[in-house]
Structure formats: C-alpha cells, structure tokens
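Take a look at the structure below.
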Amino acid sequence: MAVELKNLTKRSENYSQWYNELVVKADLAEQSAVRGCMVIKPYGYAIWEKMQRQLDDMFKETGHVNAYFPLLIPKSFLSREAEHVEGFAKECAVVTHYRLKADPNGGVVVDPAAKLEEELIIRPTSETIIWNTYKNWINSYRDLPILCNQWANVFRWEMRTRLFLRTAEFLWQEGHTAHATSEEAEAEAVKMLNVYADFAEKYMAMPVIKGVKSANERFAGALNTYTIEAMMQDGKALQSGTSHFLGQNFAKAFDVQFVNKDNQLEYVWATSWGVSTRLMGALIMTHSDDNGLVLPPHLAPIQVVIVPIYRSAEMLAQIDAKVAGIVERLKALGISVKYDNADNKRPGFKFADYELKGVPVRLVIGGRDLENNTVEVMRRDTLEKETRTCDGIEEYVKALLEEIQNNIYQKAQDYRNRRITTADSYDEFKEKIEQGGFILAHWDGTTETELRIKEDTKATIRCIPFESYVPGDKEPGKCMVTGKPSPYRVIFARSY
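Using my numbering, you'd call the opening residue of the sequence shown number 326 and step up by one each time.
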C-alpha cells in the first residue's frame, strides 16, 4: 500500500484523477460489470451506514417513519405530471418483458410471447408510485399529515458516470410527505433542508450554503426546490441535498383529495426530499489530501487504530495485555477502535494503509513504550505525532477526536469563505469563474439570461442564498449581463 500511495496523483496536478484513484485505492468502491453502476465495497459501505444511521435518527426525531414502495412504476404514472415526465424521460430504464427462454443456439433470449401489456419503469424517483398509493390512505384531514421516508435504490440512465458522484444506480433516501395546508408543506420542506444542513455540518464537517433554486434548476414538478450547496477543494460546487415543495401538482395528477375541517373537498399539499451516496463523494472531496482520505471522526468506521511494534512473540504478548485494557476503556466511551496485531503486514504498511483510509487517530506501542508506560499518538488531519502517557489516554483520545472534527470543519469553512467573491460586470465574472469558487452576482431573474451564462461559462446558479455572505449581497443592483434590475445577488459556480 505504501508503494501505491506514492502513485496517488496529487490534487494540484489533476484533481479529477486524484479523486478517481483515491476512491479505488481506499477500498471505497469500484466499477461493476454493469455499465455505469458501482460496487460499494465494505469500507465504503461502512461509512454510508454511519451516514444512514445518523440521518435515520434525525428523521425519526422530526416525526417521520420509514416505509417501502415498489421498484417498478407503470409507465402511465409518469405521464400524469407533465413537468415530472419531461424531467426524467431521458433517464428512464424500461422493462418490456417478464420472461426469458432458452436459445436453441445456447444461452437465453427474451421470450416475445412475454411482452408486458404496459411497460414498467425502474424508479428514477418515487413521487408517482407513492402518490398513487397515498390516494388509498387519505380521505379526511384526520389522515394528515403523512410523514414517510424510504431508503432505496434508484436508477437514472447516465452517460457519463463517476463513482459516488454520478452513477446510473445509486442509494438514497427519499422523504414524501402529505399535508392539509400549503403553509404546513412549505414549512416541512424548509425543516428538512435544515436537517440536511445540520447533518452536513455537524457530522460530515462540511460547511454548506442553504438557499432556493432558480426556476430553471428546480426539481421536475416542484413549485420550489431548496438546496444545500458545498464547495469542493477544486472550487466546484456540489449539490448535497434538496428538499422540494411540490404544491398540489402530484395530488391533482393522482386525484388525492381530502375532506377538510369545513367538510369541503381539497387537494393535498406535498413535499419530497432526498440525499444520496453522492454525499460520499462530498465527504472525500471536502477533506481528503494527497496522502488519502481524511474522515471526520463522527462518521469514521474506525475512529482509532492501535498498531504494535515488537521484536518477539513475548514482547507482542506484553503489548497485547497492555492494549486490551486501553481498547476496553475506549469502547466504553463509545469509540470504535481496532487493534491490528496481525503478523502478515509490516507496521509501515499498516501506517500507510490506515492513513490512506483516513482513520482519525493512530496509536503505536512498542517495547520502549511498555517500559515508559507511553504511547505514540498521530492525528490524521494534521499528521502530527506526540508521545503521551498511557494514563488517561482514553479521555485524551476522546477529546482529540472532537478536536479533529472541529478542526476539519473549520479548515473547510475557511477555505470556502476565502473563495466566495463578487462580480459586478460580465467580463469580471468570466475571469473569476475560471479561477473557481462561488461568485455572488446580480441576475435579472430570467431563464434566458441564466441559460446564456451557462452556455458562455459552464456556470450555473447554485442557489439564491438565505443568508448573507458578502456585504450588500441582499441589496438591489443591476444584472451583470443585461443591466436590468436585480433584487439581490445569487450564487454562481461550476458544479459536479
């Protein structure tokens, strides 16, 4: 592994290649035999499981429950909401037959007699099948709200794929809620965006900007899309979670009505919201360095690894006995720890491997440490080493993990804030966008101007931010392209 590390491309030389190599060499994922799909390897899945577990707890704390809906959706369902079908039509995989038969020449072929009466779509998202189901669940205002989430896989036929960031099949959660009033649904959409932001910042140590998407960037079929946007180390944006106020569009498409408190029929109001394994890509690109992954302790599958250095079986037995108590006390503090005393790899190999995999804290104990009751401590975020007494080492490590969590968040936030700038003219904007980062600029609010900027510069409006990030960004001005009035600045960036 130490040899492989030397071959890891540096971020400064080729950021994209560095990312692709790191995902594979850190044993997170690999390409599969199915075009555009990935295999998430055990270490990568362990990180996703920690994300999933924490998010699931946060959803349940806000009153949501889990359910599961079918993978296959009748084609006719997608036709009921015009914007929705237009948004996903080009990405849909279609099931046309339900049986294979033996080929006389060997192998199998599709049985032409087994053609489906109506084709089925492998879900690109589940609004249609869920709202068809909600019709059976909702009759009165007493049945509302419905606060459901599902953990699932979805499939969107992607031409250009990259592990975690954009694959044809990916894992995600999708919340789908039903409400009696517009105000309640809109508040739900904003609430869930705030849940995503809290998760990103407190657990992923990734600073995000909360805002609303422009009309052109909205989810297909939504009245409003709220987003959290993060900046990667190459200055590009990554949309890291979205929450949608769907209005009554899907309720009308599937005739989901309820009797309100005034005994009148009314269409239900809806939201949907989701995050996916794209968050794995965000985690990697926000914190990692030329030595490999840098994982926030709150999401690291292994928070502490202990490696012995010994010259004899007798010395190893003594170290084993010493480490056993340390491991037990670390686990009692809720810290995930691995003691790697396997004799099939040299210590140097282990050091490089755990560094590559981003384990936050490494402890090393050798013969001299046994004599002195000491341990070498290395923190992954700064690669700093120190020697400390074994007395109270567990409490020290616990505090150190929190220090690392806070440090990598602060480092990411400082980097992002340095790369938020403003542009007042289109020439200035074109110059700055080549340097990367988030640019706050005035825009006249038209899709025509937005598309022109995208065509000219490959930059898109990431969001209209809720909060201010530079002085005067909420004050009116003139569009940098057309000179027409603009109520405030919006955030532009190139993105993944």
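Idealized CB from N, CA, C, for every residue including glycine.
Using alpha carbons as the reference points, say which of Cys788, Ile789 and Glu759 lies closest to Asp781. Glu759
For a quick check, are the C-beta atoms of His422 and Leu403 less than 8 Å apart? no
I need the DSSP call for Gln730, collapsed to helix, strand or coil. helix
Between Asn457 and Phe579, which are expected to be in contact by the criterion C-beta below 8 Å, what is the C-beta distance as a whole number of angstroms? 5 Å
Would a C-beta distance cut-off of 8 Å place Tyr368 and Lys682 closer than the cut-off? yes
Backbone CA spacing between Pro812 and Glu800 [nearest angstrom]: 6 Å
Neighbourhood of Ser507 by C-beta, 6 Å cutoff - its chain only, sequence neighbours within 5 removed: Trp594
Host alpha helix (DSSP H) of Ser507 (start-end): Ser507 to Lys527
Sheet register partners of Gly536 (DSSP bridge): Thr552 and Pro790
Excluding the five sequence neighbours on either side, which residues of its own chain have a C-beta within less than 8 Å of the C-beta of Ala372, listed in chain order? As written in the sequence, residue 372 is Ile, which differs from the Ala given in the question. Excluding residues within five positions, the ones whose Cβ falls inside 8 Å are Leu353, Met605, Leu608, Leu620, Leu624, Ala625 and Pro626.
Would the segment 523–531 and the segment 440–454 be scored as touching if the rule is three or more Cβ pairs under 8 Å? no
So for Gly606, helix, strand or coil by DSSP? helix
Going by CA-CA distance only, name the one from Glu338, Ala555 and Tyr466 that's closest to Ala818. Ala555
Which runs of the beta strand (DSSP E) at least 3 residues long sit entirely within the segment 639–669? Give them in chain order. 662–664
Please go through the segment 413–468 and give each complete beta strand (DSSP E) segment of 3 or more residues, from N-terminal end onward. 419–422, 425–427, 433–435 and 440–447
Counting C-beta neighbours from all protein chains within 10 Å, is the total for Gly673 16 or more, i.e. buried, or is it exposed? exposed
Opening and closing residue of the beta strand (DSSP E) in which Ala748 lies: Ile745 to Ala748
I'd like to know whether the C-beta atoms of Gly691 and Ile634 end up nearer to each other than 8 Å. yes
Backbone CA spacing between Pro810 and Asn732 [nearest angstrom]: 41 Å
Name the DSSP beta bridge partners of Asp382, please? Note: Asp382 sits in no beta bridge, so no partner.
For the segment 584–593 against the segment 491–511, do three or more pairs of beta-carbon atoms, one drawn from each stretch, fall closer than 8 Å, so that the two count as touching? yes
Assign Val684 to buried or exposed, taking buried as 16 or more other Cβ atoms, counted over all protein chains shown, within 10 Å of its Cβ. buried
Which of the three DSSP states is assigned to Phe480 in this structure? strand
Whose C-beta lies closer than 6 Å to the C-beta of Asn339 among residues of the same chain, with five residues either side of it excluded? none
How about Gly432 and Ile816: are their beta carbons less than 8 Å apart? no
What separation, rounded to the nearest whole angstrom, lies between the Cα atoms of Ala646 and Ala677? 25 Å
Secondary structure of Phe495, DSSP reduced to three states: strand
From this set, Leu658, Asn461 and Met531, which residue's C-alpha is nearest Tyr734's C-alpha? Met531
Residue(s) in a DSSP beta bridge with Leu563: Ala555
Using a 10 Å radius around the Cβ and a threshold of 16 neighbouring Cβ atoms, would you call Leu397 buried or exposed? exposed
Proximity of Glu355 and Met363 at Cβ, strictly below 8 Å: yes
Kindly indicate which three-state DSSP category Asp614 falls into: helix, strand or coil? strand
Any non-hydrogen atom of the ligand ADP within 7 Å of Tyr466 CB: Among the ligands in the structure shown, none appear at all, so the ligand ADP cannot be discussed.
Give the straight-line distance between the Cα atoms of Ile651 and Leu688, rounded to the nearest whole angstrom. 10 Å
Rounded straight-line distance, which links the Cα of Tyr459 to that of Asn519: 26 Å
Buried versus exposed call for Ser828 [16 or more other C-beta atoms within 10 Å across all chains shown]: Residue 828 is absent from the structure shown; the chain starts at 326 and stops at 821.
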